Amino acid sequence: MASTKTDDAFVEFDRVQKSYDGETLVVKDLNLSIGRGEFLTMLGPSGSGKTTCLMMLAGFETATHGDIRLGGTEINNIPPHKRGIGMVFQNYALFPHMTVAENLSFPLEVRKMGKSEREAKVQRALDMVQMGDFGGRRPAQLSGGQQQRIALARALVFEAELVLMDEPLGALDKQLREHMQFEIKHIADNLGITVVYVTHDQTEALTMSDRVAVFEDGRIQQLDPPDTLYEQPKNSFVAQFIGENNTLMGKVEKIDNAANTAEVRLDDGSLIDTIPVNVSEVGERTLVSIRPERVEFNKDRLHADAHTLKAEVLEFIYMGDIYRTRLRVAGNENFIVKTRNAPDQRRLKAGEILDIGWRPQDCRALDA
Amino acid sequence: MRVNENMESTNMKMKTILLTTAAAMIAAPAFAASHMANEMTIVSWGGAYSKSQLLAYDEPYSEMTGTTIIHDDSSAEAVAKLRAMNEAGNVTWDVVDVVAADAIRLCDEGLALVIDPDKDLAPAPDGTPASEDFGDLLVSECYIPQIVYSTTFGYRTDMVGDTPPTDICAVFDLEAYPGKRSLEKRPINNMEWALLCDGVAKGDVYDVLATPEGQDKALAKLDTIKDQVIWWNAGADTPQLLADGEVVMGSTYNGRLFSVIEEQDQPVAMLWDAQVFDLDGWIIPAGLSPEREARARDYVRFATDTQRLADQAKYISYGPARMSSAPLVGKHAELGIDMAPHMPTDPNNAKNTFLYNYEFWADYRDDIDAKFQAWLAQ
Amino acid sequence: MSDTAQSGPVLAADGTPLKKSLARALRLQKTRALLLIAPLLLFVLVSFIVPIGQMLWRSVENDIVSDTLPLTVQALKTWDASAGELPDEAVYAAFARDMIVAVKAKEHTKLGTRLNYEQTGISSMFRQSGRKVGKWDPVADAPFKQKLIDVHDGWGDINTWRVIQTHARKVTPGYFLNAIDMRLTPDGATTQPEDKRILIKLFGRTLFMSLIIMGSCILLGYPIAWLLANLPMRQANILLILVLLPFWTSLLVRTSAWKVLLQSQGVINEILVWLGLITDEGRLVMINNQFGTIVAMTHILLPFMILPMYSVMQTIPQTYLRAAKSLGATNWTAFWRVYFPQTVPGIGAGSILVFILSIGYYITPEIVGGTKGVFISNRIAYHISSSLNWGLAAALGTILLAVVLLLYWCYDKIVGIDNVKLG
Ligand SMILES: Nc1ncnc2c1ncn2[C@@H]1O[C@H](COP(=O)(O)OP(=O)(O)OP(=O)(O)O)[C@@H](O)[C@H]1O
Ligand SMILES: [Mg+2]
Numbered sequence: 000m001a002s003t004k005t006d007d008a009f010v011e012f013d014r015v016q017k018s019y020d021g022e023t024l025v026v027k028d029l030n031l032s033i034g035r036g037e038f039l040t041m042l043g044p045s046g047s048g049k050t051t052c053l054m055m056l057a058g059f060e061t062a063t064h065g066d067i068r069l070g071g072t073e074i075n076n077i078p079p080h081k082r083g084i085g086m087v088f089q090n091y092a093l094f095p096h097m098t099v100a101e102n103l104s105f106p107l108e109v110r111k112m113g114k115s116e117r118e119a120k121v122q123r124a125l126d127m128v129q130m131g132d133f134g135g136r137r138p139a140q141l142s143g144g145q146q147q148r149i150a151l152a153r154a155l156v157f158e159a160e161l162v163l164m165d166e167p168l169g170a171l172d173k174q175l176r177e178h179m180q181f182e183i184k185h186i187a188d189n190l191g192i193t194v195v196y197v198t199h200d201q202t203e204a205l206t207m208s209d210r211v212a213v214f215e216d217g218r219i220q221q222l223d224p225p226d227t228l229y230e231q232p233k234n235s236f237v238a239q240f241i242g243e244n245n246t247l248m249g250k251v252e253k254i255d256n257a258a259n260t261a262e263v264r265l266d267d268g269s270l271i272d273t274i275p276v277n278v279s280e281v282g283e284r285t286l287v288s289i290r291p292e293r294v295e296f297n298k299d300r301l302h303a304d305a306h307t308l309k310a311e312v313l314e315f316i317y318m319g320d321i322y323r324t325r326l327r328v329a330g331n332e333n334f335i336v337k338t339r340n341a342p343d344q345r346r347l348k349a350g351e352i353l354d355i356g357w358r359p360q361d362c363r364a365l366d367a
Numbered sequence: 000m001r002v003n004e005n006m007e008s009t010n011m012k013m014k015t016i017l018l019t020t021a022a023a024m025i026a027a028p029a030f031a032a033s034h035m036a037n038e039m040t041i042v043s044w045g046g047a048y049s050k051s052q053l054l055a056y057d058e059p060y061s062e063m064t065g066t067t068i069i070h071d072d073s074s075a076e077a078v079a080k081l082r083a084m085n086e087a088g089n090v091t092w093d094v095v096d097v098v099a100a101d102a103i104r105l106c107d108e109g110l111a112l113v114i115d116p117d118k119d120l121a122p123a124p125d126g127t128p129a130s131e132d133f134g135d136l137l138v139s140e141c142y143i144p145q146i147v148y149s150t151t152f153g154y155r156t157d158m159v160g161d162t163p164p165t166d167i168c169a170v171f172d173l174e175a176y177p178g179k180r181s182l183e184k185r186p187i188n189n190m191e192w193a194l195l196c197d198g199v200a201k202g203d204v205y206d207v208l209a210t211p212e213g214q215d216k217a218l219a220k221l222d223t224i225k226d227q228v229i230w231w232n233a234g235a236d237t238p239q240l241l242a243d244g245e246v247v248m249g250s251t252y253n254g255r256l257f258s259v260i261e262e263q264d265q266p267v268a269m270l271w272d273a274q275v276f277d278l279d280g281w282i283i284p285a286g287l288s289p290e291r292e293a294r295a296r297d298y299v300r301f302a303t304d305t306q307r308l309a310d311q312a313k314y315i316s317y318g319p320a321r322m323s324s325a326p327l328v329g330k331h332a333e334l335g336i337d338m339a340p341h342m343p344t345d346p347n348n349a350k351n352t353f354l355y356n357y358e359f360w361a362d363y364r365d366d367i368d369a370k371f372q373a374w375l376a377q
Numbered sequence: 000m001s002d003t004a005q006s007g008p009v010l011a012a013d014g015t016p017l018k019k020s021l022a023r024a025l026r027l028q029k030t031r032a033l034l035l036i037a038p039l040l041l042f043v044l045v046s047f048i049v050p051i052g053q054m055l056w057r058s059v060e061n062d063i064v065s066d067t068l069p070l071t072v073q074a075l076k077t078w079d080a081s082a083g084e085l086p087d088e089a090v091y092a093a094f095a096r097d098m099i100v101a102v103k104a105k106e107h108t109k110l111g112t113r114l115n116y117e118q119t120g121i122s123s124m125f126r127q128s129g130r131k132v133g134k135w136d137p138v139a140d141a142p143f144k145q146k147l148i149d150v151h152d153g154w155g156d157i158n159t160w161r162v163i164q165t166h167a168r169k170v171t172p173g174y175f176l177n178a179i180d181m182r183l184t185p186d187g188a189t190t191q192p193e194d195k196r197i198l199i200k201l202f203g204r205t206l207f208m209s210l211i212i213m214g215s216c217i218l219l220g221y222p223i224a225w226l227l228a229n230l231p232m233r234q235a236n237i238l239l240i241l242v243l244l245p246f247w248t249s250l251l252v253r254t255s256a257w258k259v260l261l262q263s264q265g266v267i268n269e270i271l272v273w274l275g276l277i278t279d280e281g282r283l284v285m286i287n288n289q290f291g292t293i294v295a296m297t298h299i300l301l302p303f304m305i306l307p308m309y310s311v312m313q314t315i316p317q318t319y320l321r322a323a324k325s326l327g328a329t330n331w332t333a334f335w336r337v338y339f340p341q342t343v344p345g346i347g348a349g350s351i352l353v354f355i356l357s358i359g360y361y362i363t364p365e366i367v368g369g370t371k372g373v374f375i376s377n378r379i380a381y382h383i384s385s386s387l388n389w390g391l392a393a394a395l396g397t398i399l400l401a402v403v404l405l406l407y408w409c410y411d412k413i414v415g416i417d418n419v420k421l422g
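Residue numbers (numbering that gives the first Met the number 0), protein chains in the order written: chain A, 0 to 367; chain B, 0 to 377; chain C, 0 to 422.
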């Protein structure tokens, strides 16, 4: 939906549609432009069409409708091997019958590069991913993380300007994944390459990307930098998909377009302040979303005439760096509040009744 | 009729035989137990021939004695199998139908029991002792022949023009009878015919064939038609080749040709010249328990009496081995035609026959076969 | 842990050294496992190892001469054949005594058959002489020399005695010599006369044709296996059934079907004539020769090539090809450099299967091979069931086994047997 069409777009999807079976559209009207050097992540639930988009870009699937442009030229009819796009697969797809060095030298060989040049490039690529000593090994003799690095090195060794990665870290454990996220980002920035990255993992998306495209049901629901995405979700899907989120249901009571605020009457009768995001009429049903860390129960910090709600503490969980408190608020028993473990922070007790509130701009009235 | 009839089971590898041997050893007690029952295993060739035996011998015998007869169509590899059973010490067959050459070898190997025709077999209805009734056909002391068959040529009547062949040497005459001919893929019979048509007198054939020069002579004669020969292994091959028009003439057993001509109505006729007589009959394997042996002898006595042998000719065109059976041969059970004129033993058909020399081939078989195979492979 | 390591051997809970109790536990485990598979092991031993051992033994075993004629063999030891004189009365007397015993036991004709392999004609000598000698008395009827020669003049031939002398040993290389177109004569090992040499030729032909059959199975099987591995499930299953269909019909039927197709009045020739591609006289000869054998055997053995290939291809994910293409490889390069090498284990397994099966085949070559398409196994079958020369058959079989093992060894050296995947 959101398309930042720029003239210097490097990769461009223009009203692209894709159907495998001729009955359902897997990708619906995709418009997306990616700038040179950008790190763009496609994030979305399983089956939302992310891999399909990537495959169309790589040339392994053809778009049913629409154009895909790379550096200004249409690539619909260019076979995959001529597109010069680097690719990292989820299972790495390292050729098992070749050594690491042979794997890396493969794209150079098919480009008819001389032997010495090849060797130099392979070594450089290996060094880049800190695998300089592993050239003689077979993929099966490497750990998962090491294979990952080799796959990355192979996608980069022939100096592709665009690298596609389809859940490249999916098979790694959490710690290694975090480490590799950092490394991939680092290498991409250093080389100045354009990366289109597919992941399930929202943290990964938020930490690595310049922009994130949230996919659902074959459409981009929101395309924004991570902070915007997190703090200003454009609809209830994005709000619930990205990060933890408290939701309350209600009806729009009053809209003040000039001040960009709206009052919402919750289903239990209480009234709260929100900003209207995609509600436009009084009386419309809405889903109100507040991030757990933006909920305030310290009266001193709340705006004097802010609306507050009565809440009952149901559970208090100590998590080290933060406290996580579950409340019953306006009938919702899963209302979470996260507070920093700071010296002046109060630990709530189960059964306690208190007033909670928030800044109006943190509470977004979205489509129901 | 012969060793290669049933290709699939004929050719057994060493391993299978030895495997059977080993398995048989393990299974021996179980088998012994099953033979306590009143049943016997009769081994024959299968197909129409076994059917004629079933109707003429087995059904009447079962009815008379209450014996259950189990049939096994393993005659093609009877010698090898009997040898393996004997080595394993567990003979599961009671009576075995074999050709004369195999009977001689089984007798040589001690794998078949000696049968005294006058003691063990029924005399002719007029009291003539069996040894006289069978006469010369008792070629081995272990062997009771049932039928006389002959290996002869059939030809396509529509492919020989106005002058159908009457002489065995037509086989070697490519000018008068161009086209492919089928011959059995072994030296026996072919070598004799080659010599006969190379001018060797009938009485001298085996003397000539005993010498290396004679063997070369025979092969040289065969060489003249080698390009035009399709070599057969199974008795069913030539009838099929004739029916398909693949060959203009070919050798096979006369009973097979009878069914192509009379039963299938193909444009094929028989060449009754220098056909080679051979026998088919019973042996009783050595190594049976006394009661099984007694029953086997009883069966053979019944199945080779004058009437039974004549009965068999109702179902298949092979001549009964007893002289006393000949006058009793009647009409074909289904076609209703007189069977006597189709017997290889009928005087009209047997004007110029060739007598197969068992003794010679027992000696020379391997030697000449090696030469023959080498010649074939050239 | 580190405490105990310092103070001598590690002890288990009950005080025995840990190593010892571990060994005991393992031994117990092994014994139990062994007991579990014992029946199977026994079966394998009885049904595979023993027959192969028997075959090896039979290819050199030659007890029959010295067992049937013990006295004669003893007496012949002192006879010098090169002097050119017949043995003396002592040998004949010993022979007569041996024969009288042998005839009673019906052993003499067996010996005749055995010696007939070495010298044509001995079979009937023994059979004919047996009838008369069996009635003799070892004492009253002496001397025997002239009597025996009267019974059959073969006994007056010095060669007969030389053959008996030469083949008296209990273990003989004779069968192996025969198997490679040589023979053991009184004057030592010599080659067979030219017109009887066939076995080496057949060995060579068998290997050569098996290689061709293997090659055509690879060429035909590879694309089919690829299709099987890449078609959607439903179509792949149907195709798999088609591939396996030949197994459901008898070998004889399949081979005969080729006859109908390939013979000169057969379907293919008829169609070609009808289309005017060949003349009626110029019908193609496609059967009863090597071509027929190769076609029929390739058809019959094809599934054995396809199945291992298929099972290997199935495990190769599509992403390898995609990866290769994304790296800049054309379709062909991606196939040849990335896909094909990964299927080599399947090709290897299929090739070994097809090659070994085809080396041992005899039914199909017999039916459609004519004179030039016959394999060594046809000769083995002949010697098993027709000539009853099981010693020679065993020697041929042993050589075939040795050739297979040798090729297997070469294959292991070149491709590596660890790289073979049968399924
Ligand atoms: N080759 C194909 N044929 C038919 N349908 C397909 C094919 N590949 C994918 N699909 C369908 O297209 C839709 C989108 O698939 P896609 O693989 O793009 O999802 P994804 O977003 O990558 O999911 P995941 O996160 O699980 O990888 C799914 O409903 C899937 O079933
Ligand atoms: Mg995907």
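The beta-carbon is built from N, C-alpha and C at its ideal position, and this holds for glycine as well.
These figures come from a predicted structure and were not determined experimentally.
- Relative to ligand 2, A:T50 has its C-beta within less than 6 Å of a heavy atom.
- Within the region 106 to 125 of chain C, E106, T108, K109, G111, T112, N115, Y116, T119, G120, I121, S122, S123 place their CB atoms closer than 8 Å to a CB of chain B, listed in sequence order.
- Assigned with DSSP and collapsed to three states, C:Y407 falls in helix.
- Nearest to C:V138 by C-alpha distance, out of C:S123, C:T171, C:Y91, is C:Y91.
- The continuous alpha helix (DSSP H) containing C:S325 extends over residues 317 to 325.
- Following the DSSP letters along the chain, one finds A:M112 in no alpha helix (DSSP H), marked with neither H nor E.
- Of all residues in the region 259 to 279 of chain C, the ones placed with a Cβ closer than 7 Å to any Cβ belonging to chain B are Q262, S263, Q264, in chain order.
- In this structure, C:G349 and C:G220 form a Cβ contact; the two beta carbons are roughly 7 Å apart against a cut-off of 8 Å.
- When beta bridges are read from the DSSP output, B:S250 appears opposite B:F152.
- Inter-segment contact for the region 110 to 125 of chain B and the region 205 to 213 of chain B is absent: fewer than three beta-carbon pairs are separated by less than 8 Å.
- Per DSSP, reduced to three states, the secondary structure at C:W335 is helical.
- As computed with DSSP, B:W230 is found in a beta bridge with B:L182.
- C:P364 and C:P185 have their alpha carbons spaced roughly 37 Å apart.
- Listed by position along chain A, the residues whose Cβ is nearer than 9 Å to that of C:R321 are M54, A57, F59, P79, M86, F88, A92.
- The beta carbon of B:T344 sits closer than 6 Å to the beta carbons of V147, G318 from its chain, once the five residues preceding and following it are set aside; these are given in chain order.
- By the CB criterion at 7 Å, A:G249 and A:V237 fall outside the cutoff.
- Look at A:V195: its beta carbon is at least 6 Å from all of the heavy atoms in ligand 1.
- For A:P79, same chain residues with a beta-carbon under 8 Å away, outside a window of 5 residues either side, are A57, G58, F59 in chain order.
- Its Cα nearest to that of C:L68, the residue C:R96 stands out among C:P86, C:R96, C:I48.
- Between the alpha carbons of B:D310 and B:T151 lies a gap of roughly 24 Å.
- In the three-state scheme derived from DSSP, where H, G and I count as helix and E and B as strand, C:H382 is classed as helix.
- Look at the beta carbons and you see the region 58 to 74 of chain B touching the region 287 to 305 of chain B: at least three pairs across the two are nearer than 8 Å.
- The Cβ-Cβ distance between C:I163 and C:W154 does not fall below 7 Å.
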